[in-house]
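S.K.: Please see the structure below; I have some questions.
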Amino acid sequence: MWTHSWPSRGTAMAAPTYPERHRVRRHLQPGDQIVAALAPFLGFADHLVHRIVCRAWRRSCRILGRAPPPFPWLMLPPPLPPAGGPGPAPGTAQRRVFYDIPGGRSYAYPIPASYRHVTSRSGWLVLIASDSPRRLLVLNPITGGQVVVSWPFKEDTDGFLAVLTAPLGDPGCFLAVATDRLIKYCHPAGGGEWATLRALGFRYDAALSDLVSVGDTVYLVDERRKIWRADLAAAQPKVERKDTAFALPQGEWWRHYLVESLGHILLVVSDPHHKRLGLYRLRWDVNLWVSMPASGLGDSVLLLGRGCSAAVPASAAAGRLPGTVLVAHQPFRCSFLHVGIGWLNFPGGGGDQPWFWTESRLGAGLGDDQLVVRKSVPHWPLWSGGFTIGDSFWFFPGIDESDCP
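In this note's numbering, the protein residues as written are 2 to 406.
Here it is, written out as structure tokens:
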């Protein structure tokens with residue numbers, strides 16, 4: 002009687018399926034070896050240059066990875082049109098300059114003309130379309146990837162705040178917007194169907210309200226420094242409110258900036274010229290904003306701007322000390338009831354160099370004046386007439402994994 006012993010599963014899995022001469026090997030391409038040799042010396046900026054060489058180089062760069070820089074670029078205002086000439090039509094591509102402050106380098110990428118920035122995160126800008134029909138555009142200026150999101154409101158308004166809770170490629174990414182007594186949110190990559198939450202008592206103010214996220218939870222602050230929050234990933238999201246109001250010195254128009262730092266919510270209160278700055282940390286459990294010294298930031302530098310504030314390590318800030326504060330120049334991101342002549346930049350008769358951000362330091366509180374330095378961009382063209390048009394915004398560049406085939 003003939004019998005056959007089947008090999009065990011472990012033996013079968015260990016046995017080679019093909020002879021050695023037929024084993025499939027992955028062949029390295031010349032670009033892989035060259036880029037691998039250069040990798041220790043290549044930063045994110047270098048990668049942006051090398052990735053446009055050819056398909057093979059893009060493939061090599063993808064394999065090696067491309068961590069974005071920890072310090073963001075500054076997206077500068079659009080250039081003025083030629084003297085006497087019309088500006089570009091709304092929606093047409095207009096090259097915008099992104100300035101790498103630590104690296105001292107400028108990059109230019111197309112942005113739809115007349116579209117207004119409302120927030121950004123991990124390589125993605127959220128813009129308000131200025132042409133009809135009203136809509137939001139989520140755009141990666143480096144790769145050109147974009148998602149159009151339907152207009153969240155019944156009325157035609159620009160009076161709202163916005164935040165992305167995660168990179169667009171994250172399945173749990175929410176786009177949230179907030180205006181008077183309302184929070185609306187959607188998955189921008191999943192169809193953009195809006196859901197609505199009631200934020201009773203919240204009033205939008207361009208200078209004194211702000212919106213930030215920690216994970217899937219969004220936080221809102223208003224002109225009284227009261228706070229609202231909502232966990233958008235909850236089975237049944239709801240808005241919670243805390244009365245964290247406190248008094249500020251009289252006789253000044255203050256601005257509020259919410260910043261997420263290591264999972265904590267920070268509130269920065271600033272005068273219009275950023276000479277006097279106050280730093281507070283939210284204690285949600287005791288309904289309180291706790292005054293915080295500059296040393297509480299640890300090894301961090303603060304970057305402030307509407308819809309783009311962040312805390313970054315001082316080691317990435319080109320020699321700037323912990324406690325340094327950089328504020329994007331946003332003359333039009335304030336309620337015009339709060340505008341003073343010093344908020345705008347009117348060049349002198351000789352054509353002064355425009356400035357795009359300020360640098361100062363956290364002092365001992367709102368009564369401690371600090372030296373404020375206005376910063377410009379080298380080689381930026383001089384403007385002899387008019388004033389600096391538009392606002393600047395912090396932008397963390399990023400490239401999706403699917404970008405390089």
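Where a beta carbon is used, it is the ideal one built from N, C-alpha and C, also for glycine. These figures come from a predicted structure and were not determined experimentally.
(1) Is G191 helix, strand or coil when you go by DSSP?
(2) For the structure I just gave you, are there three or more beta carbon pairs, one from the stretch 290-302 and one from the stretch 370-377, closer than 8 Å?
(3) Under three-state DSSP, which class holds S296?
(4) Helix, strand or coil for W290? Go by DSSP, reduced to three states.
(5) Give every residue of the same chain whose Cβ lies closer than 6 Å to the Cβ of D181, excluding the five residues on either side of it in the sequence, and list them in chain order.
(6) Taking the continuous beta strand (DSSP E) assigned at S214, which residues delimit it?
(7) For the stretch 245-274, which segments carrying the beta strand (DSSP E) assignment without a break, of at least 3 residues, lie completely within its bounds, in sequence order?
(8) What does a CB cutoff of less than 6 Å around Y108 pick up in its chain, not counting 5 residues either side in sequence?
(9) Between the C-alpha atoms of G264 and A312, what's the straight-line distance to the nearest angstrom?
(10) Return the Cβ separation of A318 and F394 in integer angstroms, given the expectation that the two are a contact with Cβ distance under 8 Å.
(11) Quick one: any contact between the stretch 247-267 and the stretch 185-204, if contact means 3 or more CB pairs under 8 Å?
(12) Quick check on DSSP: helix, strand or coil for I35?
(13) Exposed or buried, which one is F397 when buried takes at least 16 other CB atoms within 10 Å?
(14) With S133 as the anchor, note down where its beta strand (DSSP E) starts and where it stops.
(15) For V178, which option in D171, P172 and H188 has the closest C-alpha, if you only look at C-alpha atoms?
(16) Smallest Cα separation from P332: which of P273, S301, R97 and C309?
(17) Which whole-angstrom value is the C-beta distance of K239 and A231, which I expect to be below 8 Å?
(18) For T166, is the classification buried or exposed, using 16 other Cβ atoms within 10 angstroms of its Cβ as the cut-off for buried?
(19) Check this for me: beta carbons of L278 and D211, under 7 Å apart or not?
(20) Starting from T218, trace the beta strand (DSSP E) both ways and give me its first and last residue.
(21) Under three-state DSSP, which class holds S107?
(22) Can you name the start and end residues of the beta strand (DSSP E) that K243 belongs to?
(23) What three-state label does DSSP hand A315 in the structure shown?
(24) What is the rounded straight-line gap between the Cα of T120 and the Cα of A365?
(25) Helix, strand or coil: which one does DSSP assign to V25?
(26) Measure from the alpha carbon of R225 to the alpha carbon of each residue in D217, L233 and W254, then state which is nearest.
(27) From the DSSP output, which residues share a beta bridge with R284?
(28) Taking a contact to mean a Cβ-Cβ separation below 7 Å, would you say L327 touches L304 in this structure?
(29) Locate the beta strand (DSSP E) running through I228, then write down its first and last residues.
(30) For D171, which of P153, W125 and A163 has the nearest alpha-carbon?
M.R.: In brief:
(1) helix
(2) Short answer: they don't touch.
(3) In the structure shown, the three-state DSSP call for S296 is helix.
(4) DSSP places W290 in strand when its eight states are reduced to three.
(5) Answer for D181: R204 and Y205, listed in chain order.
(6) D211 to V215
(7) 256-262 and 265-271
(8) F99
(9) 11 Å
(10) Contact flag wrong, Cβ pair sits at about 18 Å.
(11) no
(12) Looking at I35 - three-state DSSP - the assignment turns out to be helix.
(13) F397 is buried by the Cβ-count criterion.
(14) Here S133 belongs to no beta strand (DSSP E), and DSSP marks it neither H nor E.
(15) H188
(16) P273
(17) 7 Å
(18) The residue is buried, with at least 16 neighbouring Cβ atoms inside 10 Å.
(19) no
(20) T218 to V222
(21) strand
(22) Element bounds for K243: V240 to K243.
(23) helix
(24) 30 Å
(25) At V25, the pLDDT of 37 sits below 50, so the modelled position is not reliable; the number obtained from the coordinates is stated separately. Of the three classes helix, strand and coil, the one that applies to V25 here is coil, per DSSP.
(26) Here the closest residue by C-alpha is W254.
(27) L289
(28) yes
(29) Here the beta strand (DSSP E) through I228 covers I228 to D232.
(30) W125
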